[in-house]
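First residue of the sequence shown: 348, per our numbering; consecutive thereafter.
Every residue, glycine too, gets a C-beta built ideally from N, C-alpha and C.
These numbers were taken from a predicted model, which means no experiment stands behind them.
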Amino acid sequence: MSTQSQHCLVIGAGTVGASCAWHLRRAGFEVTLVDHESPGQTTSFGNCGCISPNQIIPFSYPGLSREIPRWLFDRLGPLFIRWRHLPGLAPWFWRFWRAATWDGVHHIAQAQTQLMRQVIEDFGEIADATGTRDLLREKGMINVYDTMEEFRHAQWKYDLMTEHGFEWEIIGPAELKIMVPELRLEKGIALYYPQWWHTVDPGLLTARIAESAFADGVNYVQDKVQAVEAGAAGVTVATESGKSLKADKLVVAAGAWSNRIARQIDGRSVPMTPKRGYHAQIGQPGIELEYPVTSSSRFFVITPMTGGLRIAGTAEFASLDAEPDYRRARVLLEHGKHYLPNLEIGEVSEWMGQRPMMADSLPVIGPSPRHSSVLYAFGHGHYGLTQGPTTGKIITRLALGQDPGTDLEPFRFDRF
Ligand SMILES: Cc1cc2nc3c(=O)[nH]c(=O)nc-3n(C[C@H](O)[C@H](O)[C@H](O)COP(=O)(O)OP(=O)(O)OC[C@H]3O[C@@H](n4cnc5c(N)ncnc54)[C@H](O)[C@@H]3O)c2cc1C
């Protein structure tokens, strides 16, 4: 197909949208990227920065519901629900709970594997072409469990990762001391995930991918999309400031806000909820880490970034427009201090972001059921940084009318 006169509009300049815009332009489309924020300044700004190919296990699995009460009533626990928002959240929780079957787990792990086995190559490709390799570290990651019992309980997850070709290994105390001398792990066990990369600044990485797309000719409209109309002749988008933008194709990559746009196109939404996470970033931590460290007991990540040590995690469920509760970020500092006793907590910046979390843990990638001119690229949950470049590549193949190279059946908008 000739892309000479084809105009593609991308809504959302997070890692996913910026990667889509970059790939589409490279394939020859005329591209406009629309976002009321600057590129990479929303959810893609403050995440843990990990590119995590072995994370194929869904968040809903048999037995999970037994853990939830313990987490909810623990001040330091990983899970918080704003109870007055529960009626609006209930349909999502119902779908999430229904996904917790062993058949579901295997199906989702298989589908995630399709994307995850491409992510490192796709990240390397976009990093080389956009000159952003300097923001990436190919070091792997250390994962700790506070007790052996917790690790044994999670053994099935590691069996599934191995079955799908992902690497992990147990490291002994002596090796751990060499790799992360500052880490205190009294009992428990440490694992090393060699395939992980991390970025030292996910917001800047996304902004630089977008800048590279602009240098290639992508047009940026800093405005909020209010209304979308799709038809046989293409799409028309109306913005808050009164602009009317017309295009042959539309890519919806608006992260946690995508349902607001999808409802106008398909007359319905998908089961996606904002799963809020927080970070506390310490500018002068007084220690240096070479590797990101994740705790599978306390559910958070510590990543060495250019701006200091970022401690990030938490799952808080509230409606999309609710105010952040930065007490969650302060709890993360207590977790950091638990593993890094020499951590100096001086000046700290706090942040909240909304993961676009699908009930079945899989993103939506593919055409709108109603309008083939609309392509969806959202719902990446915990892995939007990891899967952004791969999603951009798949969306571009679809826009070109090519084989996407990935079975997109599990990612369909209308799979529910
Ligand atoms: C604490 C935390 C840690 C995380 N750690 C990791 C990690 O280590 N690795 C990883 O892979 N992922 C991680 N994630 C998840 C990751 O950050 C997200 O999946 C990813 O940022 C989603 O990218 P996106 O481009 O879809 O959305 P966003 O970055 O949210 O971008 C969507 C954009 O759409 C724009 N938009 C919305 N509505 C409109 C509209 N009407 N008009 C115009 N623009 C609009 C928004 O302004 C926004 O800029 C983490 C998330 C959190 C919260």
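(Q) Could you check whether residue 390 and residue 645 sit closer than 8 Å to each other, using their CB atoms as the reference points? (A) no
(Q) If you follow the alpha helix (DSSP H) that residue 607 is in, where does it begin and where does it stop? (A) 605-613
Q.
Which runs of the beta strand (DSSP E) at least 3 residues long sit entirely within the segment 586-660? Give them in chain order.
A. 591-594, 596-599, 619-629, 640-642 and 647-652
Q | CB contact flag (residue 745, residue 722, <8 Å) | A | yes
Q. Can you give the beta carbon distance from residue 719 to residue 612, rounded, assuming they're within the 8 Å contact cut?
A. 11 Å between Cβ atoms; not a contact.
Q.
On the criterion of 16 or more Cβ atoms from any shown chain inside 10 Å, does residue 412 qualify as buried, or is it exposed?
A. exposed
Q | Minimum C-alpha distance to residue 473 - residue among 581, 502, 550 and 559 | A | 559
Q: Measure the C-alpha to C-alpha separation of residue 693 and residue 752 and round it to an integer number of angstroms.
A: 48 Å
**Q.** Proximity of residue 599 and residue 605 at Cβ, strictly below 8 Å
**A.** yes
(Q) Please state the DSSP three-state secondary structure of residue 539. (A) strand
**Q.** Cβ shell of residue 392 (< 8 Å), same chain only, five flanking positions each side left out
**A.** 549, 550, 553, 698 and 700
Q | residue 457, enclosing alpha helix (DSSP H) - first and last residue | A | 449-477
Q) Who are the near neighbours of residue 523 in its chain, counting only those whose CB is closer than 8 Å to its CB and skipping five residues on each side? A) 489, 530, 532 and 537
**Q.** residue 387 - DSSP class collapsed to helix/strand/coil
**A.** coil
Q: Compute the Euclidean distance between the alpha carbons of residue 619 and residue 727, then round it to the nearest angstrom.
A: 10 Å
Q: Measure the CB-CB distance between residue 661 and residue 625 and report whether it falls below 8 Å.
A: yes
Q | Boundaries of the alpha helix (DSSP H) in which residue 573 is found, first to last residue | A | Counting along the chain, residue 573 falls outside any alpha helix (DSSP H), though it belongs to the beta strand (DSSP E) covering 572-578.
Q) So residue 435 is in the alpha helix (DSSP H); what residue range does that whole segment cover? A) 433-445
Q.
Here's a check: name, in chain order, each residue in its chain whose Cβ is nearer than 7 Å to the Cβ of residue 492, leaving out the five neighbours to either side.
A. 498, 535, 536, 643 and 644
Q | Buried or exposed (CB count within 10 angstroms, at least 16 for buried), residue 748 | A | exposed
Q) Cβ of residue 523 versus every heavy atom of ligand 1: is any distance shorter than 7 Å? A) no
(Q) I believe residue 467 touches residue 515 by the beta-carbon criterion, under 8 Å. Please report the beta-carbon distance rounded to the nearest angstrom. (A) Their Cβ separation, rounded to whole angstroms, is 15 Å, which puts residue 467 and residue 515 out of contact at 8 Å.
**Q.** CB contact flag (residue 442, residue 706, <8 Å)
**A.** yes
Q) Apart from the five residues on each side of it in sequence, which residues of its chain come closer than 6 Å, Cβ to Cβ, to residue 627? A) 658, 676, 679, 680, 695 and 697
Q) Can you tell me the Cα-Cα spacing of residue 419 and residue 579, whole angstroms? A) 49 Å
Q.
Restricting to Cα atoms, I'd like to know which of 573, 709, 527 and 713 is closest to residue 446.
A. 709
**Q.** DSSP-derived helix/strand/coil call for residue 428
**A.** strand
Q. What's the gap between the Cα of residue 368 and the Cα of residue 458?
A. 24 Å
Q: Indicate the three-state DSSP secondary structure (helix, strand or coil) for residue 527 in the structure shown.
A: coil
Q) So is residue 380 buried or exposed if we call it buried at 16+ other beta carbons inside 10 Å? A) buried
**Q.** Minimum C-alpha distance to residue 394 - residue among 425, 569 and 362
**A.** 362
Q) Opposite residue 544 in the DSSP bridges: which residues? A) 398
Q: Would you tell me roughly how many angstroms separate the C-alpha atoms of residue 689 and residue 364, rounded to the nearest one?
A: 39 Å
Q. Does ligand 1 have even one heavy atom less than 7 Å from the beta-carbon of residue 355?
A. no
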